[in-house]
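This report refers to the structure that appears directly beneath it.
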Amino acid sequence: MARLTEIGWEDFAGLSLEAKKPYLEREEGDGLPYHTLFAQQFDRSCLERLCALANRIRFINKSKEGALYLKNVLAHKRAMLYFSQPSSRTFLSHLAACQILGITTGSVRDAATSSEFKGESREDSIRTFSSYFDMIIMRSPVQGLAEKMAWELSNSSRPVPILNAGSGKDQHPTQALLDIYTLVRSFEEKGGIDGRTVTFCGDLMRGRTVRSLSYLLTNFKNVRQIFVAPPDLQVPADVVMILAKKGVDFEVTDDLKAAVKTSDAVYMTRIQDEWDSSKGESAKIDTSRFKFGAEELALLRPDGVIMHPLPRRDEIATCCDHDPRAMYWRQMRNGMWIRAALIASTFGFERSIMECGY
Amino acid sequence: MARLTEIGWEDFAGLSLEAKKPYLEREEGDGLPYHTLFAQQFDRSCLERLCALANRIRFINKSKEGALYLKNVLAHKRAMLYFSQPSSRTFLSHLAACQILGITTGSVRDAATSSEFKGESREDSIRTFSSYFDMIIMRSPVQGLAEKMAWELSNSSRPVPILNAGSGKDQHPTQALLDIYTLVRSFEEKGGIDGRTVTFCGDLMRGRTVRSLSYLLTNFKNVRQIFVAPPDLQVPADVVMILAKKGVDFEVTDDLKAAVKTSDAVYMTRIQDEWDSSKGESAKIDTSRFKFGAEELALLRPDGVIMHPLPRRDEIATCCDHDPRAMYWRQMRNGMWIRAALIASTFGFERSIMECGY
Amino acid sequence: MARLTEIGWEDFAGLSLEAKKPYLEREEGDGLPYHTLFAQQFDRSCLERLCALANRIRFINKSKEGALYLKNVLAHKRAMLYFSQPSSRTFLSHLAACQILGITTGSVRDAATSSEFKGESREDSIRTFSSYFDMIIMRSPVQGLAEKMAWELSNSSRPVPILNAGSGKDQHPTQALLDIYTLVRSFEEKGGIDGRTVTFCGDLMRGRTVRSLSYLLTNFKNVRQIFVAPPDLQVPADVVMILAKKGVDFEVTDDLKAAVKTSDAVYMTRIQDEWDSSKGESAKIDTSRFKFGAEELALLRPDGVIMHPLPRRDEIATCCDHDPRAMYWRQMRNGMWIRAALIASTFGFERSIMECGY
């Protein structure tokens, strides 16, 4: 591994994601992240260890005794949730993950209530807040801010880990983790993810979850990826290039029904019109053929799964909600478990939880 | 009892409150609610058990050891406070009730910071949040939303109880509970509530607390109810009809002083002008004779009590605040205790708390 | 000591700070405050005891066992953070202090979400909130509100302590405590604060931190105070008069470099233009010579310290941030420790923490 204290900010910022990875690992050298900034930090071994830990935490938490054991694991730690971009679901999921492990939390959910109005820089604000806490979980519309803070704090007299809960348009690593964990759980007694077909459908151009999950799936063997979208919202060229380079079998199409028939998992996404220009170009796109309803449900194999990062609009008809293959609600709860696993491992408690008597 | 999983939403919604009651009880069949949606769920036996449990919790909490015992009772549970309608006092009271029992909490206090702006339905939002928590305490301006969510969650793969902390104009069941608990405490060594006279004064037309408390008092024997208000704000016909049907002795008047003289409890309320039309009709009503001040205090019997759901404006003069018969501050704190009792019973801990050694 | 129950509000409000002090002490008569309202409550003995307690808490918290011991000290208490004036850093610092001692908290961070809009008085709001909690930590733009609430609550049937976290323009007592604690720590193995020279620089007219710290330093022997500011922002006459009356050696100047050369501590502050009239008079003042940069850093003695209450703008160049003499980040964290010490002592746990086995 490398150390953030041994590299200047400009140099670090200029590295490729691949090259940044070792700088973000735990000092213990176990390959798990100290700062969690982007999905590319997770290789297959990391993913499998975190999924195993999440399974373990989920199991332990079933009994009152187990839940109380977990609440003691990090009861001596405090975490700061700095969410300058509104997001109740991501906020609550991280909060719940902290609570399961006994971490007490403080939060800033609105930058307007912070001192920023007194002319303070964002870096100063976050560094101040870090004085009171042992971890910073942050979500910000500012691209690269989580990375900058990770470098700053690692170079301060009191380093604390950063967990990126969404920054700018690009990264939202724990969303990718929960998607993988949901696939792992869905197929865990059926041979795993290797060899599966995963279909992505909707706004593939602007959804960062698609980008990250597509990348993480390349860690598994022979996973076929199908991208179903209107031409103006298809998966971007850089994602396609990565898949091509890695020799992944993939297909770009606009035929959802055909894709569903051959898929093990169908990952629906909503049109992200918050990124539209003022012209509202999304409204002019015909998205009617990119919705999952009763007809698609009938085509899905019996052990297939339907996923969605939520919030949804009408991409999945509510008539699918009670079908056992609808995984999107469980997917939410999986987010809580995998985040708890990630946080526990950040503080070095992977092994003690895996080996505890509960 | 009946099960929410055995009835469709439309059918359930069409039932009378009376007929809905059994669908909302705990599976254990002990008559206490699983979902708490409206005041009519509580019969005399329920009320007496909850008041006894609240007394017990209040007593146990007096010592540090007792307080720590209570903090362990539900330490393995997490509750979500979803308050899309602002209300600091109701929020904090439920929060404190959770904290007494060791429940950790997450909150959404402003629907604007939730994903609703991304086009998600309210039902989806609340169902998502429920993924992370073991109970939903909700307050919403949308009439019937709590009921809808109770049905939705009971029909999902992961049911959690709903506690209605105020919905629309109609229901605020825990407010009615705390009012009853305050009366129970006030008269507990003086023969109880049976045979008492309770006067309601102020805006009786639009105050949901009056409606609920009036109903719950019919569970007790020979309680006389006096309604004192300006003609345009008098108690609505449907409340009067229920009392008449149940054979309750009641009186409708505009003479507060006369009522105070014969009352054991005087329940003051403020003019709820937030329900006015844009014409501001409340401002045109003469409310000067519907205020409790030094003169009324002099007329109240020595063991009488003054109540108010708060917030108050000038319905009760501050000169009454230090009188031992002023119960409105203690009433607030009673709300915390009875809510703790309700939550403990929802999770099945009534008996273990009643029988613990503290 | 005297009792707030034995004096009317008008009489109490008319007393000098000196004369108010005994009314605010703990009943146990140990000289420490029950209500903490203004910096003048702390004499040298109080300051030294609180700093010793803060050191102890900081040390105990280093081990997991110690941290868990501390989290049990006040686990049976609940505190209310009522912040009707936005301030993330002060909020989070008090929150963290509560969490270290195991106090659970509730908060109101925006008066608009409270019932004030329903016409309730501020006093009623705070008294209601106090029903659910064992301590009120409050910050308000209303001068004197904390004092009024302390009197009100002490005269209610359920007194709880008030901790003033900033009221109006005048008082912010825990900021002064953390400044003193930072000086105590900086010089603790170098003979202490007595005989030191402390320079204040920036907006000395409107910064309440300068006012309070200058006062508290008079508790120590032979501390020389230097005030460096543009003429229009110099230290106010009443501060100067107190120093003169107490025979303190001080100097008023506009030469920062000269002051730095002879100082043990340099306390920088920002221009508080939020107090400007609409004419924005601050913008017309030349503040360029009142900034601490590389040149000043070179002049500061090797064991000198640089302090700042934060947030900063450009009063201290970021190039100073990594210098070991830059104390302003540590100063933030000191605020958390000294607040924990103050809260623990308010509830009478000074001795048990000082004497515990950790």
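Protein chains in written order, with numbering that gives the first Met the number 0: chain L, 0 to 357; chain B, 0 to 357; chain G, 0 to 357.
For every residue, glycine included, the Cβ atom is placed at its ideal position computed from N, Cα and C.
Cβ-heavy atom distance, residue i to the ligand COA, below 6 Å
i	result
Phe-289/L	This structure does not include the ligand COA; it has no bound ligands of any sort.
Residue i burial status per 10 Å Cβ neighbour count (16 or more: buried)
i	result
Thr-104/L	buried
Met-137/L	buried
Glu-295/G	buried
Gly-230/B	Looking at the sequence provided, one finds Pro at residue 230/B rather than Gly. Exposed: under 16 other Cβ atoms inside 10 Å.
Lys-20/L	buried
Phe-58/B	exposed
Gly-194/G	exposed
Ala-297/G	exposed
Trp-336/B	buried
Cys-200/B	buried
Arg-77/G	buried
Ala-95/L	buried
His-321/L	exposed
Any C-beta of chain B under 7 Å from that of residue i
i	result
Ser-114/G	With a pLDDT of 48 at Ser-114/G, under the threshold of 50, the modelled position of that residue is not reliable, and the figure given next carries that caveat. Yes, contact with chain B.
Ser-92/L	yes
Ile-351/L	The amino acid occupying residue 351/L in the given sequence is Ser; Ile does not appear at that position. No, because no Cβ of chain B sits closer than 7 Å to the Cβ of Ser-351/L.
Ser-287/L	no
Thr-127/G	yes
Gln-166/L	The question names Gln, but residue 166/L in the sequence shown is Ser. It does not: the Cβ of Ser-166/L has no partner Cβ on chain B nearer than 7 Å.
Pro-331/L	A small correction: the amino acid at residue 331/L is Met; Pro does not occupy that position in the sequence shown. Judged by the 7 Å Cβ criterion, Met-331/L is in contact with chain B.
Range of the contiguous alpha helix (DSSP H) that encloses residue i
i	result
Ala-258/L	255-260
Cys-319/B	Where Cys-319/B is concerned, there is no enclosing alpha helix (DSSP H), given that its DSSP letter is neither H nor E.
Met-240/L	236-244
Gly-334/B	327-345
Arg-48/L	43-59
Arg-108/L	That residue, Arg-108/L, is in no alpha helix (DSSP H); it is neither H nor E in DSSP.
Leu-67/L	63-72
Minimum Cβ-Cβ distance from residue i to chain G less than 7 Å
i	result
Met-335/B	yes
Ala-257/B	no
Ser-130/L	yes
Lys-63/B	yes
Gln-233/B	no
Gly-118/L	yes
Gln-170/B	no
8 Å CB neighbourhood of residue i in its chain, flanking five on each side removed
i	result
Gln-170/G	Leu-36, Phe-37, Ala-38, Ala-145, Asn-163, Arg-207, Ser-211
Ser-130/L	Arg-157
Tyr-68/G	Ile-59, Cys-355, Tyr-357
Arg-88/G	Leu-309, Pro-310, Met-331
Ala-293/B	Ala-316, Cys-318, Cys-319
Same chain only: Cβ atoms within 6 Å of residue i, ignoring 5 sequence neighbours per side
i	result
Gly-334/L	Ser-92, Leu-177
Thr-261/G	Thr-196
Gly-143/G	none
Below-7 Å beta-carbon distance, residue i vs any chain L residue
i	result
Pro-301/G	no
Val-159/B	no
His-75/B	yes
Gln-72/B	The question names Gln, yet the displayed sequence has Val at residue 72/B. Taking Cβ atoms only, chain L never reaches closer than 7 Å to Val-72/B, which makes this a no.
Ser-87/G	yes
Leu-203/G	no
Continuous beta strand (DSSP E) stretch holding residue i: start and end
i	result
Ser-139/L	134-139
Ile-305/B	304-306
7 Å CB neighbourhood of residue i in its chain, flanking five on each side removed
i	result
Leu-182/L	Ile-192, Ala-264
Gln-271/G	Asp-202, Arg-205, Gly-206
Val-251/L	Phe-226, Gln-233, Val-234
Asp-275/L	Ser-281
>> To test your reading of the DSSP string, which unbroken beta strand (DSSP E) runs of 3 or more residues are found completely within the segment 149-225 of chain G?
In response: 161-166, 196-200
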